[in-house]
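Just so we're aligned: 400 in numbering that gives the first Met the number 0 is position 401 of the sequence shown, and the numbers increase by one with no gaps anywhere. Everything on this sheet refers to the single structure shown next.
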Amino acid sequence: MNTHAHAYKISEEWRNFRTYPRTERAYALLKKGDLAGARNLFEQVYQINPKRKDISFELARICARQADIACIDAIAQKWISRQPEDATGYMLKGYIGYLTKNESQIIKYAPLALQRPGAPETFRSSLAEAWVAALINSDDATAIKQAEQLLKTQKISIAGDKLVQWEQHRQSAQQASQGKQPITKQFQQEGEDKTGTAPSELSKQVATQAARQNRNPAQSTYTKSKGISPQSLPAKTKEPIPQFPYAELNQAERNNQLSVHLIALAEQQQNAVFLNKVSRLQSDHLFNPALQASLARGLQTQHCDLLLAITPIETNAKLTTPYSQMAAAFCSKNNPRRAAGHFAAVNQLRSQNNQSPDLIALRGEGDALMADGQTEQAMQRWYQLLQIEPQAQLGETLAAYALHNPQFTISHSIANRFPQYFPAGSLALQQARHAVNNGDYNNAVQLFSRSLTENPDADIWYELSLLHKKNQQSAKQGEALAMAIKLAPQNALFHAEYGFWLINAQDNVAALENLQEAIRLEPTRIELQPQIAFLHMQQGNREAAIIDLRASIDQHAAIQAKMGISGDAATQQLFNWQRNVQTLEDRWNWLVNTQIRLNTAPDTSSATSPVQYGQYNGYINTALTYRLDPIRDAARPTWIFVRANQGLNDQSLSFTPDKTLGLGVTQRLLKDYMVIGSAEWLYRTEATYKNDMMVRLSGSHSINTDWQPTGNNWLTFNLYGDAAWLVRAESYYLTTSVEAGQQYRLPWLDGKSTLMPFISSIATANNDNPTHTIVSRVDVGVGLALQTWHGADPWRAPDLRQRLSLEVRQAIGGNTDDDFAVLLRWGLFH
């Protein structure tokens, strides 16, 4: 994968809403010290996009702190298998060697990592230093020479103390091969060497230091060469041995003696003595920048605490040197804010000497500022570095931060100066999101389209679909979702969103396919299961709907948690699923009900109405119904039924001659409203035509007539209308009824029971008599009903309802003679 593609993937995941919140939360937890929580979130991001190097390195660092070497090795192996030409996997292997102190592993994997592209410069330098240390310990001169060549070729800089050790090892090897001591040279005062000082320059410094320390004024090389013994020389006056603070010596010699003396104290861990003597030197004005730099060289490896104590952040060239500030910066790795100050001081000191900025210090300051959370300032330093020395990897990283922080002024400067480092389409995408935040949706749509033209991306198509949804542009929303699925067919989220869009578009077949694909790709999306069940119901897939509904009931707690539904809403939703299971499973329905008139009617010979509603006569009625497989669709079912009716005398259960038998078929006509048509053969003993055909059109609308699993009381409402025509008798029946009541839960009764006071009104008209005289009535009624429900289980709602009521009805209109009735009614319904 080339670097531009890599930068694109990094930027892609930053702008991907799935990974960004996880990444931000992970860093927050990491800052709080919650390694386990941070690791869990980083692993989620790694699973979403295993090509993100920053996440791989973060995971490796956390695993190292948890002593989980297997975790790091697994990440390394995946990188090597997936991208063998990238340095990341080999660098992690070398990191394992460093953690386990396995120098052979470092020696094996370090060159493989360093000669490959793809690793951050800071990681390369750290691995190179570990490699140098391992090679020095291995005492392999050939390998050291090869390493020197590789570091030079790859332009990799390592810390100065490591180079000193390396140079000392090289000189020792030369001395062993030549059998003589290195020639000493004149001591050099404070130099300008940095982390990147060449070994040839360091050899001079190392040799000079050795010469200074080994020099013996009492016996010179000259006297040895002439064979003159010290005793034969003229006696000299004994000179006093210089003592701390060596004030009588010149500055160069004094600095040398002080450096040796103070570093020896540091090695002996006499820190308090060390600091007291430095304080005395400062008081005596003998502590100078050159001495500070000399001490920095000796302390920076193992005595950073002392180095930092004597090296404050300072930009006055009369008090410090760039080298001292650089050494202090590296020693401040656990205090990024201080490290940034030291790195900044390096370049301020160089600027005073009209020198160009030190690139290592510039990069170090940027890295330290970023570690300290000063993102904008860090970006400014990296931008400055990039202007001096173009670096593709740094440019891509900086571009990613600019995309992530469009509110910074520096982000716009980066975009204008270095557009080549930005992934294709990313700038237009950033502008689109900015337009969305400002409410400029039309401009945002155009910018999204431009970004997609430059870089077709599934996530951006999905983001555009959300914008179309906000703009209420349903057709364009569907097109964008379809494109997202085309580019990422394995994305469960896209299939789920498209499925719901298709439901709104009334394409239930395609909606079911997409929702099923979403749950196949991501089985944890159990919240889709109830919707899949309802789609099966609408398409008449009865058995499949039952299976999915029962599975939803089994997992209702987890499903409702993912849907964000709780409390009474969750209880009601579960009951609705149970009612659907009961309705789908029970194709047979039946009823038995009776009505006893408690007062006497003025005309006891009137026949019982064949439409069952709006009558005062006593009767016993039974019916049996069977739901057929859908003829048209599941939303408009068909039933066949048989029923029988027996008239009762007033104030008794004795039968009248009036009997009715019916056999017919019923068809629901509308999907969204309960409108039913039926055709029925009738046999009536007291009618002019004993055998007749009745066709009917009826409709109803009800609210809360079923058992309610929540609340102590609830309002019930039912509206019913019916128009019937007797073909042979050429007569009609018209009925309209309305009932409203308040149901009160009865907790002291077992099961599900309510007591409901209610009011009602019925309007009827018919001409079913020998003279076709129209008989009409409008009445009002009040009553009290006791209702109970039975037959529930964990997957099914109650399938039996019983109602016992007492009501009084008074006619307020019409021409009927029967204007008052007291009725006792009982019914059992399945």
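For each residue, glycine too, the CB sits at the ideal point set by N, CA and C.
Bridge partners - residue 744, DSSP secondary structure assignment: Answer is 753, bridged to residue 744.
Sequence-distant residues of its chain with Cβ nearer than 7 Å to residue 450 (five each side left out): These residues qualify, in order along the chain: 424, 427, 428, 431, 459.
Spatial distance of residue 736 from residue 755 (CA atoms): Taking the straight line from one Cα to the other gives about 18 Å.
Same chain, Cβ closer than 8 Å to residue 463, five either side skipped, listed in chain order: Apart from the 5 residues on each side of it in sequence, residue 463 sits with its Cβ closer than 8 Å to the Cβ of 444, 447, 448, 451, 479 in its chain, given in chain order.
From 566, 721, 536, residue whose alpha carbon lies closest to that of residue 700: Of the listed residues, the one whose Cα sits closest to residue 700 is 721.
Cα-Cα separation, residue 657 to residue 786: When rounded, the separation of the alpha-carbon atoms in residue 657 and residue 786 is 29 Å.
Residues near residue 823 in its chain [Cβ-Cβ closer than 7 Å; skip 5 each side]: Shown here for residue 823: same chain residues with a beta carbon closer than 7 Å to its own, the five before and five after excluded, namely 595, 597, 805 in chain order.
For residue 673, the residue or residues it bridges with in DSSP: In DSSP, residue 673 forms a bridge with 699.
Best match in 320, 377, 340 for proximity to residue 349 [C-alpha to C-alpha]: Relative to residue 349, the option among 320, 377, 340 whose CA is nearest is 320.
Sequence-distant residues of the same chain with beta carbon closer than 7 Å to residue 619, five excluded per side: Once the five neighbours on either side are set aside, the close Cβ partners of residue 619 are 593, 645, 647.
Simplified DSSP assignment, three categories, for residue 318: Looking at residue 318 - three-state DSSP - the assignment turns out to be coil, as it is neither helix nor strand.
Cutoff 6 Å; reference residue 819; Cβ partners in own chain excluding five residues on either side: Same-chain partners within the cutoff: 809.
Contacting residues, own chain, Cβ-Cβ under 8 Å from residue 654 (five flanking each side not counted): Only 645, 646, 647, 648 meet the Cβ criterion.
Residues sharing a beta bridge with residue 645, DSSP: For residue 645, which the question treats as bridged, DSSP gives the partners 619, 658.
Three CB pairs or more closer than 8 Å across the segment 764 to 771 and the segment 717 to 731: Look at the beta carbons and you see the segment 764 to 771 touching the segment 717 to 731: at least three pairs across the two are nearer than 8 Å.
Any 3 or more C-beta pairs closer than 8 Å across the segment 569 to 576 and the segment 612 to 626: Put simply, the segment 569 to 576 does not touch the segment 612 to 626. Fewer than three CB pairs are less than 8 Å apart.
The segment 137 to 157 touching the segment 70 to 79, judged by at least three CB pairs closer than 8 Å: Output reads no: the segment 70 to 79 does not touch the segment 137 to 157.
Three-state secondary structure (DSSP) of residue 565: Note: residue 565 maps to coil in three-state DSSP.
Inter-residue spacing [alpha-carbon to alpha-carbon] between residue 372 and residue 516: The straight-line gap from Cα to Cα measures roughly 43 Å.
Residue 58 vs residue 68 beta-carbon contact at 8 Å: In this structure, residue 58 keeps its C-beta atom at 8 Å or more from the C-beta atom of residue 68.
Residue 544 vs residue 555 beta-carbon contact at 8 Å: It is not a contact, given that the beta carbons lie outside the stated cut-off.
Cα-Cα separation between residue 391 and residue 412, rounded to whole angstroms: Distance from the CA atom of residue 391 to the CA atom of residue 412, rounded to whole angstroms, is 17 Å.
For residue 776 and residue 764, the rounded distance between their alpha carbons: Straight-line Cα distance between these residues: approximately 7 Å.
Candidates 495, 502, 417, 783: closest to residue 523 by CA position: Of 495, 502, 417, 783, the residue nearest in Cα terms is 495.
Status (buried if at least 16 other CB within 10 Å, exposed otherwise) for residue 45: Buried.
Short Cβ contact (8 Å threshold) for residue 90 with residue 122: In this structure, residue 90 sits near residue 122, with a CB-CB distance shorter than 8 Å.
Check whether residue 529 and residue 564 have beta carbons under 8 Å apart: No. Outside cutoff.
Residue 109 at chain C interface by Cβ criterion, 8 Å: Within the model displayed, chain C is absent; a lone protein chain is all it includes.
Rounded straight-line distance, which links the Cα of residue 250 to that of residue 216: For residue 216, the predicted model reports a pLDDT of 38, less than 50, meaning its position is unreliable; a value from the coordinates is still stated below. Rounded to the nearest angstrom, the two C-alpha atoms are 19 Å apart.
Every unbroken beta strand (DSSP E) inside the segment 423 to 491 [3 residues or more]: Segments of the beta strand (DSSP E) lying fully in the segment 423 to 491: there are none.
Alpha-carbon spacing of residue 113 relative to residue 97, whole angstroms: When rounded, the distance between both Cα atoms is 15 Å.
Residue 670 beta carbon less than 8 Å from that of residue 634: Taking 8 Å as the Cβ cut-off, residue 634 and residue 670 qualify as a contacting pair.
Beta-carbon spacing of residue 407, residue 378 below 8 Å: Taking C-beta atoms as the reference points, residue 407 and residue 378 count as a pair closer than 8 Å.
Boundaries of the beta strand (DSSP E) in which residue 152 is found, first to last residue: Residue range 140 to 153 is occupied by the alpha helix (DSSP H) that includes residue 152, with no beta strand (DSSP E) assigned at that position.
Residue 717 CB to nearest heavy atom of the ligand NAD below 7 Å: Judged by which ligands are present, the structure shown has none, so any question about the ligand NAD falls away.
DSSP-derived helix/strand/coil call for residue 341: Helix, per DSSP.
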